[in-house]
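**Student:** Using this note's numbering, you'd call the opening residue of the sequence shown number 4 and step up by one each time.
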Amino acid sequence: MIKAILFDFNDTLIQSRQWMALETRELPHAAFSSLERTGHLPSLSEHQLAKAQAVFQEARQTANCTHRETSHIADLVAMINALGYQQLVPHATIETTVADLHKDCVPTAKLLAHTEKALERLASLGLKMGIISNAAYAPFLLWTLDHFGIMEFFEDVVVSADVGVRKPALEIFQIALSRMKLEPHRTAYVGDDYAKDIVPSRRLGLRTIWRKPRTVSSASDRDTIPDAVITSNDDIPVLAEQWMLS
Numbered sequence: 004m005i006k007a008i009l010f011d012f013n014d015t016l017i018q019s020r021q022w023m024a025l026e027t028r029e030l031p032h033a034a035f036s037s038l039e040r041t042g043h044l045p046s047l048s049e050h051q052l053a054k055a056q057a058v059f060q061e062a063r064q065t066a067n068c069t070h071r072e073t074s075h076i077a078d079l080v081a082m083i084n085a086l087g088y089q090q091l092v093p094h095a096t097i098e099t100t101v102a103d104l105h106k107d108c109v110p111t112a113k114l115l116a117h118t119e120k121a122l123e124r125l126a127s128l129g130l131k132m133g134i135i136s137n138a139a140y141a142p143f144l145l146w147t148l149d150h151f152g153i154m155e156f157f158e159d160v161v162v163s164a165d166v167g168v169r170k171p172a173l174e175i176f177q178i179a180l181s182r183m184k185l186e187p188h189r190t191a192y193v194g195d196d197y198a199k200d201i202v203p204s205r206r207l208g209l210r211t212i213w214r215k216p217r218t219v220s221s222a223s224d225r226d227t228i229p230d231a232v233i234t235s236n237d238d239i240p241v242l243a244e245q246w247m248l249s
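#1: Smallest Cα separation from residue 82: which of 216, 156, 184, 101?
#2: Taking the alpha carbon of residue 211 as the reference point, which residue from 244, 219, 226, 190 has its own alpha carbon closest?
#3: Considering Cα atoms alone, identify which of 174, 112, 26 is closest to residue 146.
#4: Please list the terminal residues of the continuous alpha helix (DSSP H) segment that includes residue 219.
#5: Name the two residues that bound the continuous alpha helix (DSSP H) containing residue 132.
#6: Where do the N-terminal and C-terminal ends of the alpha helix (DSSP H) with residue 79 fall, by residue?
#7: If you reduce the DSSP assignment to three classes, tell me which class residue 159 lands in.
#8: Are the beta-carbon atoms of residue 30 and residue 79 separated by less than 8 Å?
#9: Out of 202, 43, 5, which has the shortest C-alpha to C-alpha gap to residue 88?
#10: Is the beta carbon of residue 239 less than 8 Å from the beta carbon of residue 57?
#11: Cα separation between residue 186 and residue 209?
#12: For residue 241, which of helix, strand or coil comes out of DSSP?
#13: Could you tell me the alpha carbon to alpha carbon distance between residue 131 and residue 157, rounded to whole angstroms?
#14: Between which residues of its own chain and residue 193 is the CB-CB distance below 7 Å, once the five residues before and five after are set aside?
#15: Can you tell me which of the three DSSP states residue 140 falls into?
#16: Would you list the residues sitting across from residue 25 in a DSSP beta bridge?
#17: Looking at residue 164: is its Cβ nearer than 8 Å to the Cβ of residue 141?
#18: Quick check: the Cα distance between residue 48 and residue 71, rounded to an integer number of angstroms?
#19: What does residue 13 pair with, by DSSP beta-bridge criteria?
#20: With DSSP as the reference, label residue 116 as helix, strand or coil.
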């Protein structure tokens with residue numbers, strides 16, 4: 004019998020290509036362009052921008068390999084320091100720059116079909132709900148949830164940038180379970196990334212719902228079978244009602 008459902012964020016509840024580009028590759032160009040426009044930095048040469056990009060990519064690759072998260076604020080600090088401009092850009096300006104870049108992404112986000120109705124139904128069933136997400140800047144998630152009017156459905160939003168650990172590490176799932184006072188065997192998890200969402204949550208004993216991307220033909224790890232496979236969020240309440248009884 005389940006009493007709670009946890010969700011991944013991107014490509015499970017919402018989709019934002021602009022935000023994902025900022026997360027994975029566009030921060031150096033976007034941030035330094037902003038700092039140049041506001042007069043905090045001189046125009047960067049191609050060599051300098053390439054150096055900043057290399058610092059950023061190394062940080063992201065390290066995070067992916069070690070499952071230890073950094074943040075976009077820390078990433079931008081590291082890039083500015085690598086270029087020797089640390090005396091030119093106050094920390095408050097770095098924070099504002101990162102915030103503004105993420106605020107620009109909010110209007111580009113799309114709520115996936117049937118998500119709001121699914122959340123309303125799950126809430127009416129009395130299920131606790133939360134989010135576990137890999138993200139290098141946590142406020143974006145909160146702003147986006149508020150933008151779509153669905154923040155009220157979630158008791159907690161656990162973001163890798165805040166807790167310092169990324170999926171597929173079991174620790175981030177354990178943090179969410181602990182903070183929400185949930186038992187794994189009475190909790191379901193919904194996510195689109197098989198390796199980062201389904202495999203670790205299954206290992207911890209959660210019921211798993213794989214929101215399978217249409218471009219993926221099958222599970223990559225045959226040793227871990229999800230409890231359910233869906234392609235639309237309107238299937239989630241049906242499964243939840245079944246699992247509340249078994």
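Glycine included, C-beta positions come from ideal geometry on N, C-alpha and C.
Since the model is a prediction, treat every value here as computed from it, not as a measurement.
**Tutor:** In this structure, then:
#1: As a working note, residue 82 is residue 79 in the sequence shown. Checking every option, the nearest Cα to that of residue 82 belongs to 101.
#2: Here residue 211 corresponds to residue number 208 of the sequence shown, with the count starting at 1. Ranking the options by Cα distance to residue 211, first place goes to 190.
#3: For the purposes of this step, residue 146 is identified with residue 143 of the sequence shown, where counting begins at 1. Comparing alpha carbon positions, the residue from 174, 112, 26 closest to residue 146 is 112.
#4: As a position in the sequence shown, residue 219 is number 216, starting the count at 1. From DSSP, residue 219 is part of no alpha helix (DSSP H); its letter is neither H nor E.
#5: Working through the sequence shown from its first residue, we reach residue 132 at position 129. DSSP places residue 132 in no alpha helix (DSSP H) but in the uninterrupted beta strand (DSSP E) bounded by 131 to 136.
#6: Mapped onto the sequence shown, residue 79 falls at position 76. From DSSP, the alpha helix (DSSP H) with residue 79 extends over 75 to 85.
#7: Indexing the sequence shown from 1 puts residue 159 at position 156. Three-state result, residue 159: strand.
#8: Within the sequence shown, numbered from 1, the residue matching residue 30 stands at position 27. Within the sequence shown, numbered from 1, the residue matching residue 79 stands at position 76. Yes.
#9: Position 85 of the sequence shown, counting from 1, holds the residue named residue 88. Closest by C-alpha distance to residue 88, out of 202, 43, 5, is 43.
#10: Translated into the one-based positions of the sequence shown, residue 239 becomes position 236. Translated into the one-based positions of the sequence shown, residue 57 becomes position 54. Pairing residue 239 with residue 57 gives a Cβ-Cβ distance that is not under 8 Å.
#11: Here residue 186 refers to the residue found at position 183 of the sequence shown. Here residue 209 refers to the residue found at position 206 of the sequence shown. The alpha-carbon separation between residue 186 and residue 209 amounts to approximately 8 Å.
#12: Numbered from its first residue, the sequence shown carries residue 241 at position 238. Here residue 241 sits in helix by DSSP.
#13: Taking the first residue of the sequence shown as 1, we reach residue 131 at position 128. Taking the first residue of the sequence shown as 1, we reach residue 157 at position 154. When the Cα atoms are used, residue 131 and residue 157 turn out to be separated by approximately 7 Å.
#14: Counting from 1 along the sequence shown, the entry for residue 193 is found at position 190. Counting only Cβ-Cβ distances below 7 Å, and skipping sequence neighbours, we find 8, 10, 11, 15, 212, 214, 239.
#15: To locate residue 140, count along the sequence shown from 1; it is residue 137. DSSP places residue 140 in the coil class of the three-state scheme, outside both helix and strand.
#16: The count along the sequence shown starts at 1 and reaches residue 25 at position 22. Bridge partners of residue 25: none, in fact.
#17: On the sequence shown, position 161 is the one that residue 164 refers to. On the sequence shown, position 138 is the one that residue 141 refers to. Yes, these two residues count as a Cβ contact at 8 Å.
#18: As a first step, residue 48 must be located in the sequence shown, where it is residue number 45. As a first step, residue 71 must be located in the sequence shown, where it is residue number 68. In a straight line, the C-alpha of residue 48 is about 31 Å away from that of residue 71.
#19: For the purposes of this step, residue 13 is taken as residue 10 along the sequence shown, with counting starting at 1. For residue 13, the pairing in a beta bridge is given by DSSP as 17.
#20: Working through the sequence shown from its first residue, we reach residue 116 at position 113. Looking at residue 116 - three-state DSSP - the assignment turns out to be coil, as it is neither helix nor strand.
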